Amino acid sequence: MKKPTIHICCVLLVLLWAIVPSLAETPRLGIPEILPSQDFLWRQLPQYNNYAFQGYSNYPDHTFPYADRPRAFYDSFGDPLITGYDLYDWTERRTLGQEYGSSIFKDRNQWSTVFDFLVVGRDSYNDWGYSAIVGDGLIARFTPLTLSQVDFNGARFDLATPYARFTFLGSRIERPHFYIESVPAWAIEHTHFADDSTILLGTRLETDIGALRLGVNGVNMHVYQSTQDNNSLKGSLRPTLPSMDQVVVRFTDDSPQDGRGGALVQEAQLILNGEARPDIVPTVIRHFEGVGTQVGTISRLTGQFNPTIYTNPRGYYQTPTLYYRGRNDMPLFADYLYRADHEAGIDVSKNTNLEGLLATFKLESPEEILHADGNEHLVFLFDLSQEPYVESVAVEAALANDYRVEVATLNLNNPRGRGYPNQYLSTFYRPVLRAEGNVQDGSNLARRRINVGENTSLFTYSADMHLALAGLEINGEYARSARYSRFPARMDETTLYDRGPRFSEKGSAWYINAVRWFKGGRLGAEAFATNPDFHTEMRTFVPFEIGLTETTLAGLTNNTIFWDLVQDNEDGDRYPDKRAGNLQGQPNDREDEDIDGVFPGQDDDNDGLPDTNRNFNDVPDYVEPFLMYYVESNDFFYGLDRNNNDDPDVREDDLDPDYPYDADQRGIHLFGQLDLTSQWSLGAGRYDIEQIAGGGRNKSTYALVTYRREELGRLQRLFFENHLRRVKDDIADEFSVLVERPKRIDTDFRGLVAGNKPSFTNNLRADPLLYRNSYVNDTYLESWLNPWSTLQMVHKVRLRFNWQQAGPLPGGLVQRDKRLDFFTWVSRADYTWHWHRLQIQPQFKILLLRLVDQAADRQLDGRYSRRTVRSELSVIPILRCTLPLMQRSQLQLGIQGLGPLPYRVEDRVNARNSFDQHTLYLNVNNRSKYFGYDLRTIVGLQREVKTFDEESRESDAFDALTFFARVLIGFTEYGRFL
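Under my numbering, the sequence shown has 561 at position 559, and the numbering climbs by one with no breaks.
Laid out in structure tokens, this is it:
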């Protein structure tokens with residue numbers, strides 16, 4: 003061996019000798035390869051212990067909510083991380099040869115009980131910082147045109163620097179969690195597996211340049227197959243998606259209310275695999291909107307026809323009607339097929355009401371030029387079942403006038419089923435094409451192509467800005483959407499879903515608004531357009547699994563679910579106004595609506611409860627004893643109504659996504675305000691809005707005179723406003739109103755039975771379209787008086803005149819001269835009197851509402867006479883007494899309806915709604931401190947007697963006695979009540 007080599011070896015030995023002692027002092031990570039030898043063959047086992055004086059140690063996995071003892075965790079490099087428990091793990095893997103590529107782990111006990119469905123990790127250095135958030139029921143909001151969700155389940159990462167702010171988020175929105183006792187097949191040991199599912203990804207970058215804030219946003223939602231290697235953000239079709247055997251195309255009038263100028267259709271033909279197929283002749287059916295099915299059986303005994311309802315498929319438990327409302331329309335495919343069979347000479351009398359079938363569904367020739375006006379439907383059926391290879395499908399037709407085109411598909415689900423309703427499974431109609439405006443002269447005649455397929459992905463992306471300078475503020479955003487779809491290709495019985503070409507639907511939306519303040523007033527302007535082809539909704543097929551009945555897909559209808567990037571949430575709470583169900587913290591919740599009610603603009607005191615339902619029960623306060631003294635329904639509320647549907651804008655609830663401006667509308671708005679004095683102001687403006695595809699318009703020129711005064715001696719508040727406007731509005735704006743339940747005792751225990759908080763039910767109300775051509779004057783006066791410290795008085799008076807002008811209306815309608823008068827009056831007064839320790843407070847409230855049509859009924863002489871449309875009077879006498887019993891206890895007595903003076907509601911138009919009611923309420927309540935908690939204990943009883951004027955309402959009357967005991971818990975700070 004050479005000397006240099008010997009020298010190197012010596013150096014290495016010295017270094018090893020120096021390192022070994024330090025290694026001995028550090029913990030060893032590896033497993034020893036040499037184990038110490040045993041002296042005996044005998045195996046030493048645990049020995050007997052006596053616990054008479056020795057303490058007993060429980061097993062480490064007996065502490066709730068931890069289901070097992072803690073263990074050591076290591077990172078991917080083998081370095082120790084922590085000794086503890088698994089809490090959350092979301093993994094997405096894309097490769098061939100695996101059974102599941104997506105998994106989400108959440109420990110059911112720790113995730114909900116210990117961490118309340120939320121974990122946050124954060125760090126910062128100087129002006130740099132970040133937060134990593136994982137949770138259920140999170141807020142995910144970029145802009146109102148790209149992403150706005152309040153029930154986001156997933157992970158988000160937020161980064162802030164001195165120059166910019168960045169957010170990235172992701173969620174597997176299908177099966178994000180479950181809270182059930184029975185474990186479905188795809189959930190093992192709290193891990194939720196998925197081979198194909200839907201994922202949401204989003205990012206936002208925001209920066210400031212002086213007073214200008216700029217933001218860019220991108221959101222993607224797509225269906226993926228984790229067991230395949232060809233996934234992209236444009237998505238893929240599910241392998242379980244059924245093949246499409248028939249294509250159904252429906253042509254209708256996009257403005258049916260005018261009854262004319264509807265869809266004109268000619269030369270419709272199928273385009274299969276990119277080539278025209280005139281040999282596949284469609285079956286064409288004509289029928290009217292709303293007709294019932296004629297498929298069913300006729301009783302031999304009575305001769306009565308019993309229809310088979312097959313167009314309302316139900317989920318495992320129930321159909322969430324609100325969630326699917328407006329997007330669950332299905333073709334009457336069995337009626338169409340039986341009608342075609344009859345024309346071909348096949349006897350269908352055993353499966354249909356033949357006479358009704360022939361009268362309701364008319365067979366048309368596809369060679370003719372066809373029209374669909376008003377409520378008429380033209381339905382084309384193209385049969386693909388005999389085609390050996392299908393890669394792409396489209397329908398071409400020459401279209402004109404005001405048309406609307408929708409597509410659905412049928413698949414042969416059960417070839418051996420009895421009759422067409424059991425053989426075929428139908429999708430919902432999907433709107434694909436609408437004419438721009440309300441064309442009625444055929445000037446927009448063009449040949450259009452309608453692609454057929456299922457959604458695979460949705461993109462929304464935008465740029466937004468906000469500029470704030472001295473006296474000037476500007477906001478704006480431009481957004482685009484792209485929704486991708488493809489046809490599920492097949493060859494014979496083999497699916498080739500990735501073979502079909504993708505096609506897309508693209509649209510845009512934008513808005514800009516500006517306000518300039520100056521001394522003594524302000525000027526403002528806004529312009530906007532939300533095109534009908536702009537989308538934030540994606541429809542996907544989801545295979546039924548028994549486990550889905552308890553997940554976010556509860557009540558799944560027809561294997562179809564809709565994912566919304568921008569939700570409908572007018573009241574801005576944690577629950578969307580319509581949803582799929584089973585949100586975080588609500589196990590086994592299958593409700594499709596906001597479970598704590600939708601009350602937009604009704605939380606002025608910001609206590610988290612609607613001002614019209616402060617006790618948060620199943621009954622609005624304005625129909626509940628005692629509480630009705632302080633609140634009124636929307637009929638008595640005054641507020642600006644820009645869309646002219648008689649529902650104040652600030653309290654209006656609809657079922658549309660919460661875009662900054664309504665979909666399918668564009669327009670401008672100019673306004674100004676001049677402050678005449680510190681109390682008087684004068685405003686004026688004009689807006690001109692039109693529907694892009696719908697053809698309606700909303701034009702208004704208005705003026706406002708306002709007087710506002712606060713704290714003027716005994717006059718606490720005085721508000722006066724006169725609103726004069728010239729209106730031409732024929733856009734129908736549907737809205738939702740709360741359902742009032744007069745039989746309150748029927749719903750007292752609903753929350754207990756359902757296992758969650760009571761839900762509020764809303765009914766949809768059509769826009770009466772009373773302002774299609776009108777002059778309107780609205781006057782409102784409100785005063786709050788306090789003549790003495792013990793006397794308070796509130797008065798609210800409103801008077802509205804609607805002068806409808808004679809003349810033609812859009813769509814060929816004609817309006818005659820008449821006037822509608824609407825009047826409301828609210829007065830209430832209460833006086834507080836003390837006698838020793840007893841406090842006595844009488845209260846009195848009166849409400850009056852009248853709606854009069856001054857020219858409703860035509861007389862024999864040709865003139866018109868007035869008619870009272872609504873006339874309602876409510877008289878509410880109340881007596882309240884409070885007596886302190888001890889330091890922390892008091893007795894409360896309430897009487898609503900005093901002997902011969904009951905709580906009286908009198909409907910002078912419909913006497914069936916008139917009733918008397920007496921209510922007696924007595925309770926003892928105690929307020930105490932207990933180990934830092936604030937405890938309220940209430941024990942009492944209530945007696946209610948309600949009688950209606952008419953005997954026909956006797957079943958709705960009641961005499962109820964209720965006993966209750968309630969304990970509330972709050973918190974104190976250093977022994978003081980908060």
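We put the CB at the ideal spot given by N, CA and C, even for glycine.
All of these numbers come straight from a predicted model, not from anything done at the bench.
### Query
Given 8 Å as the limit, is there contact between the stretch 498 to 514 and the stretch 530 to 538, that is, 3 or more CB pairs closer than that?
Touching, yes.
### Query
Per DSSP, what kind of secondary structure is PHE966 in: helix, strand or coil?
Here residue 966 refers to the residue found at position 964 when the sequence shown is read from its first residue. Look at PHE966 here: in three-state DSSP terms it is strand.
#### Entry: Inter-residue Cα distance where the pair is LEU893 and ILE848
Here the question's residue 893 lines up with position 891 in the sequence shown. Here the question's residue 848 lines up with position 846 in the sequence shown. Rounded to whole angstroms, the gap between the alpha carbons of LEU893 and ILE848 is 28 Å.
### Query
Hey, PHE917 and PHE950: beta-carbon distance below 9 Å or not?
As a working note, residue 917 is residue 915 in the sequence shown. As a working note, residue 950 is residue 948 in the sequence shown. Here PHE917 is near PHE950, since their CB atoms are less than 9 Å apart.
#### Entry: Cα-Cα separation between LYS759 and GLN56, rounded to whole angstroms
Working through the sequence shown from its first residue, we reach residue 759 at position 757. Working through the sequence shown from its first residue, we reach residue 56 at position 54. At LYS759 the pLDDT is 45, less than 50, meaning the model places this residue with poor confidence; the figure from the coordinates comes in the next sentence. Approximately 49 Å, taken between the alpha carbons.
### Message
For SER173, count the other beta carbons within 10 Å of its own beta carbon; 16 or more makes it buried, fewer makes it exposed. Which is it?
### Response
Sequence index remark: in the sequence shown, residue 173 carries index 171 (1-based). By the beta-carbon neighbour count (other beta carbons within 10 angstroms, threshold 16), SER173 is buried.
### Task
Below 8 Å CB to CB, which residues in the same chain sit around ASP637 once its five sequence neighbours on both sides are set aside?
Indexing the sequence shown from 1 puts residue 637 at position 635. Within the same chain, ASP637 has close Cβ partners THR826 and LEU851.
### Cβ pair GLN856, ARG800 closer than 9 Å
Here residue 856 refers to the residue found at position 854 of the sequence shown. Here residue 800 refers to the residue found at position 798 of the sequence shown. No.
### Sub-9 Å separation of THR708 and ARG727 beta-carbons
By 1-based counting over the sequence shown, the position of residue 708 is 706. By 1-based counting over the sequence shown, the position of residue 727 is 725. It is not a contact, given that the beta carbons lie outside the stated cut-off.
### Message
Which residue marks the beginning of the alpha helix (DSSP H) containing ASP337, and which one marks its end?
### Response
Taking the sequence shown and counting its residues from 1, one reaches residue 337 at position 335. ASP337: member of the alpha helix (DSSP H) spanning 335 to 345, first to last residue.
### Per DSSP, the bridge partner or partners of TRP130
Along the sequence shown, read from residue 1 onward, the residue named residue 130 stands at position 128. Answer is TYR127, bridged to TRP130.
### Message
Using a Cβ-Cβ cutoff of less than 6 Å, which residues in the same chain neighbour VAL250 once the five nearest sequence positions on both sides are dropped?
### Response
Indexing the sequence shown from 1 puts residue 250 at position 248. Apart from the 5 residues on each side of it in sequence, VAL250 sits with its Cβ closer than 6 Å to the Cβ of PRO333, LEU383 and ALA410 in its chain, given in chain order.
### Task
Tell me, to the nearest whole angstrom, how far the beta carbon of TYR2 is from that of ARG860; I am working on the premise that it is less than 8 Å.
The requested residue 2 is not part of the displayed model; the chain covers only 3 to 980.
### Query
Which residue from GLY696, GLY421, ALA402 and ALA768 puts its Cα closest to that of ASP443?
In the sequence shown, the residue the question calls residue 443 occupies position 441. Comparing alpha carbon positions, the residue from GLY696, GLY421, ALA402 and ALA768 closest to ASP443 is ALA402.
### Query
In three-state terms, what does DSSP make of TYR833?
By 1-based counting over the sequence shown, the position of residue 833 is 831. Strand.
### Message
Taking the alpha-carbon of GLN807 as reference, which of LEU793, LYS730, GLN845 and PHE737 has the nearest alpha-carbon?
### Response
As a position in the sequence shown, residue 807 is number 805, starting the count at 1. Taking GLN807 as reference, the option from LEU793, LYS730, GLN845 and PHE737 with the minimal CA-CA separation is LYS730.
### Query
Nearest to THR562 by CA position, among ASN330, GLU101, PRO72 and GLY439, is which residue?
Counted from its first residue, the sequence shown places residue 562 at position 560. When each option's Cα is compared against that of THR562, the closest is ASN330.
### Task
With distances taken Cα to Cα, identify the nearest neighbour of TYR935 among LEU970, LYS948, PRO627 and ARG240.
Locating residue 935 in the sequence shown gives position 933, counting from the first residue. Among LEU970, LYS948, PRO627 and ARG240, the Cα nearest to that of TYR935 is on LEU970.
#### Entry: Beta-carbon proximity list for GLY455, same chain, < 6 Å, skipping 5 on both sides
For the purposes of this step, residue 455 is taken as residue 453 along the sequence shown, with counting starting at 1. Only SER487, ARG488 and PHE489 meet the Cβ criterion.
### Query
The beta strand (DSSP E) with GLN889 in it runs from where to where?
The residue labelled residue 889 in the question sits at position 887 within the sequence shown. GLN889 -> no beta strand (DSSP E), and no H or E assigned at all.
### Query
Hey, out of ARG906, GLY864, ASN912 and ASN927, whose CA is closest to GLN889's CA?
As a position in the sequence shown, residue 889 is number 887, starting the count at 1. Of ARG906, GLY864, ASN912 and ASN927, the smallest CA-CA separation from GLN889 is found for ASN927.
### Stretch-stretch touch, CB-based, cutoff 8 Å, three pairs: the stretch 661 to 669 with the stretch 784 to 795
Touching, no.
### Query
Who pairs with MET493 in a beta bridge, going by DSSP?
As a first step, residue 493 must be located in the sequence shown, where it is residue number 491. Its beta-bridge partners are TYR391 and THR496.
### Task
Measure the alpha-carbon distance for TYR76 versus LEU98 and round it to whole angstroms.
Stepping through the sequence shown from its first residue, residue 76 is reached at position 74. Stepping through the sequence shown from its first residue, residue 98 is reached at position 96. Approximately 28 Å between the Cα atoms of the pair.
### Query
What three-state label does DSSP hand GLY972 in the structure shown?
Sequence index remark: in the sequence shown, residue 972 carries index 970 (1-based). In the displayed model, GLY972 falls within a strand according to three-state DSSP.
### Message
Would the stretch 359 to 375 count as touching the stretch 206 to 222 if we require 3 or more Cβ pairs under 8 Å?
### Response
As far as the Cβ criterion goes, the stretch 359 to 375 does not touch the stretch 206 to 222, which means the pair count is below three.
#### Entry: Nearest-angstrom Cα separation, counted from PRO904 out to PHE966
Locating residue 966 in the sequence shown gives position 964, where the first residue counts as 1. Locating residue 904 in the sequence shown gives position 902, where the first residue counts as 1. Roughly 24 Å separates the two Cα atoms.
### In chain order, each beta strand (DSSP E) run of at least 3 residues that lies wholly inside the stretch 451 to 484
Within the stretch 451 to 484, the complete beta strand (DSSP E) runs of at least 3 residues are 456 to 471.
### Task
Within the same chain, show all residues whose beta-carbon is closer than 8 Å to that of LYS745, passing over the 5 residues directly before and after it, in chain order.
As a working note, residue 745 is residue 743 in the sequence shown. In this prediction, LYS745 scores a pLDDT of 37, lower than 50, which makes its location untrustworthy; the coordinate-derived value is nonetheless stated afterwards. A distance below 8 Å between beta-carbons, with the five flanking residues on each side excluded, links LYS745 to the following residues of its chain, in chain order: ASP958 and PHE960.
### Query
If you draw a straight line from the alpha carbon of GLY687 to that of TYR513, how long is it in whole angstroms?
The residue given as residue 687 occupies position 685 in the sequence shown. The residue given as residue 513 occupies position 511 in the sequence shown. About 18 Å.
### Message
Can you tell me whether ASN219 is helix, strand or coil according to DSSP?
### Response
Residue numbering aside, residue 219 sits at position 217 when the sequence shown is read from its first letter. Of the three classes helix, strand and coil, the one that applies to ASN219 here is strand, per DSSP.
### Message
Once DSSP output is grouped into helix, strand and coil, what is the label at PRO284?
### Response
Start at 1 with the first residue of the sequence shown, and residue 284 comes out as number 282. Three-state result, PRO284: coil.
### Task
With a 10 Å radius around its C-beta and 16 neighbouring C-beta atoms as the bar for buried, classify SER78 as buried or exposed.
Here the question's residue 78 lines up with position 76 in the sequence shown. Exposed: under 16 other Cβ atoms inside 10 Å.
### Coarse secondary structure for GLN49, derived from DSSP in three states
Position 47 of the sequence shown, counting from 1, holds the residue named residue 49. Coil.
### Message
I need the DSSP call for PHE960, collapsed to helix, strand or coil.
### Response
Your numbering for residue 960 matches position 958 in the sequence shown. Note: PHE960 maps to strand in three-state DSSP.
### Task
Return the residue from the list ILE880, GLN693 and TYR132 that minimises the CA-CA distance to ILE842.
Within the sequence shown, numbered from 1, the residue matching residue 842 stands at position 840. Selection ILE880, GLN693 and TYR132 evaluated against ILE842 yields ILE880 as nearest (Cα-Cα).
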